[in-house]
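In the numbering used here, the protein residues as written are 169 to 611.
Every residue gets a Cβ at the ideal spot worked out from N, C-alpha and C, and that includes glycine.
Below you'll find the structure, written out as structure tokens, and then a few comments.
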């Protein structure tokens, strides 16, 4: 896990190179070697599946249905002998379905997942193909950002094809800020003053849904980054420092104060994040802690919305460098699939994540991509803002990938318990450390 933390800085610095104009992106890709390597690798993979009809089962998130359906149609035109059967689920259902499938031995042939401890479960249980030799023979380090390949590597084995990197911060309604003469806050005190001003005007300050825990976690980890500082925050997530200490208590206290002051929507603890975001779209809320997918999802979920009506800023932390919570996405492949199905699944993914396909269908993709030289289009204006912020301040691994999944469930439990009053901040801190010690003892 320490390696993943170290790789985040390298990842975002490389990602920043794709945020410039087309000319700059082409300057990064200084020769035709990458294009040639990509073409030859894709051809080699495709040739392996041309002989007969093959059916590939893909599990993907519902939010990516539009682009995935389009990719399937595009691929059918060049490889009619392969049928990609896609199954779509919302985020939490997807996580649960994969775990159930893993326990029953009924995993799909290829699936979307995240990095860190979320994606690590499958290679740790020998459920994924080892792509290490394939990547070496086809020169994947000349096709995908090496830092992102490393973030898909567990126990020295490459266990997925990287797809995208994501860093998160505050998206805000410019019209609401202008109406109240608010400026972008750069300190915690300024941010809390902004929250107070919004609440006083009858606007919900932060659109957040507590259902399933992960969206609310973004706020809690952001508070911890500010209260604890970067070094201690990282050590807490790596379980190298005790959670039963004043800094963690202070984190929970500030979180509780934000809850008590009404900075979140009414009944937010049971609110679905997919519903909460509409409060921002409609102007009932002023801000939301989101990532680079915001631009594309605004167009898909709320077509009457205008991307230019929103601004972006990093969640203030009072640190010398303001880091953003970050994570990676990838495809993994079933270790039990036949060679023919595996080759077909890999060929589809290589096609979907090729520079050529990304350029052709860029209006439908989320950015930034893992492919070297993939240019961030003007249709996703906030991606460049995010990359600039990360390049200036760096990033840290999002909590639900930094901590083991068993402990993430406990973190979510403390978040809810503080809201409903069944735990105090002191009790939550001690509870987390007790659970960490139980986890370590069981390893």
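Is DSSP giving residue 341 helix, strand or coil here?
-> strand
Count the other CB atoms, across all protein chains shown, that sit within 10 Å of the CB of residue 396; report buried if there are 16 or more and exposed otherwise.
-> buried
Is it buried or exposed for residue 204, if we count other Cβ within 10 angstroms and need 16 for buried?
-> Any reading at residue 204 needs caution, since the residue's pLDDT is 48, under 50, leaving its predicted position unreliable; the model's value is listed next. Classification for residue 204: exposed.
For the candidate residues 235, 388 and 496, whose alpha-carbon lies nearest to that of residue 528?
-> 235
Could you give the residue range of the alpha helix (DSSP H) that holds residue 227?
-> Run containing residue 227: none in the alpha helix (DSSP H); it sits in the beta strand (DSSP E), 222 to 229.
Decide if the region 493 to 505 is in contact with the region 329 to 348; the criterion is three or more beta carbon pairs, one per stretch, under 8 Å apart.
-> Judged by Cβ distances under 8 Å, the region 493 to 505 makes contact with the region 329 to 348, as three or more pairs qualify.
Write down every uninterrupted run of the alpha helix (DSSP H) in the region 374 to 420 whose length is 4 residues or greater and which is fully enclosed by it, in chain order.
-> 382 to 396 and 398 to 405
Check the C-beta distance from residue 224 over to residue 277 and give it rounded, since I have them as a contact under 8 Å.
-> Contact between residue 224 and residue 277 holds, since their C-beta atoms are separated by about 5 Å, short of 8 Å.
For residue 275, which three-state DSSP category applies?
-> coil
Residues in its own chain within less than 6 Å of residue 427 by CB, not counting five upstream and five downstream?
-> 587
As assigned by DSSP and simplified to three states, the class of residue 624 = Absent from the structure is residue 624, since the part of the chain shown begins at 169 and ends at 611.
Could you give the distance in angstroms between the alpha-carbon of residue 306 and the alpha-carbon of residue 483?
-> Residue 306 and residue 483 have their C-alpha atoms spaced approximately 40 Å apart.
Boundaries (first-last residue) of the beta strand (DSSP E) holding residue 250 | Residues 250 to 257.
Per DSSP, what kind of secondary structure is residue 354 in: helix, strand or coil?
-> coil
Could you spell out the range, first to last residue, of the alpha helix (DSSP H) harbouring residue 605?
-> 593 to 610
Mind pulling the beta strand (DSSP E) runs of 3 or more residues that sit fully within the region 502 to 568?
-> 563 to 565
Through-space distance from residue 470 to residue 359, alpha-carbon basis = If you draw a straight line from the Cα of residue 359 to the Cα of residue 470, it comes to about 27 Å.
Inter-residue spacing [alpha-carbon to alpha-carbon] between residue 602 and residue 533 = Note on geometry: alpha-carbon atoms of residue 602 and residue 533 lie some 43 Å from one another.
Just reading off the beta strand (DSSP E) that residue 316 is part of, what are its end residues?
-> Note, residue 316: premise wrong, no beta strand (DSSP E); alpha helix (DSSP H) at 314 to 319.
Would the region 406 to 424 and the region 495 to 514 be scored as touching if the rule is three or more Cβ pairs under 8 Å?
-> no
Among 488, 228 and 232, nearest to residue 535 - alpha-carbon criterion | 232
Helix, strand or coil: how does DSSP classify residue 471 here?
-> coil
Nearest-angstrom beta carbon gap, residue 387 and residue 375 [assumed within contact, 8 Å] = The beta carbons of residue 375 and residue 387 sit about 11 Å from each other, so the pair does not count as a contact at 8 Å.
Quick one: what does DSSP say residue 481 is sitting in, helix, strand or coil?
-> strand
Which of the three DSSP states, helix, strand or coil, is assigned to residue 578?
-> helix
Using CA coordinates, which residue listed in 320, 241, 563 and 579 is at the minimum distance from residue 488?
-> 563
Report the rounded CA-to-CA distance for residue 415 versus residue 384, giving the unit in angstroms.
-> 19 Å
Compare the C-alpha of residue 344 against each of 599, 365, 438 and 357 and name the closest.
-> 365
Rounded to a whole number of angstroms, what is the C-alpha to C-alpha distance between residue 122 and residue 373?
-> Missing from the structure shown is residue 122; the chain here goes from 169 to 611 and no further.
Please determine if the region 450 to 470 and the region 243 to 253 are in contact, where contact requires at least 3 C-beta pairs separated by less than 8 Å.
-> no
Within 9 Å, strictly: CB atoms of residue 478 and residue 339 = In terms of Cβ geometry, residue 478 and residue 339 form a close pair [threshold 9 Å].
Local conformation of residue 236 per DSSP, three classes | helix
Exposure of residue 271, with buried meaning 16 or more beta-carbon neighbours within 10 Å = exposed
With contact counted as at least three CB pairs below 8 Å, one residue from each stretch, are the region 562 to 579 and the region 276 to 295 in contact?
-> yes
Reducing DSSP to helix, strand and coil, say where residue 431 ends up.
-> coil
Measure the Cβ-Cβ separation of residue 688 and residue 329 and say whether it is below 9 Å.
-> The first residue shown for the chain is 169 and the last is 611, placing residue 688 beyond what the model contains.
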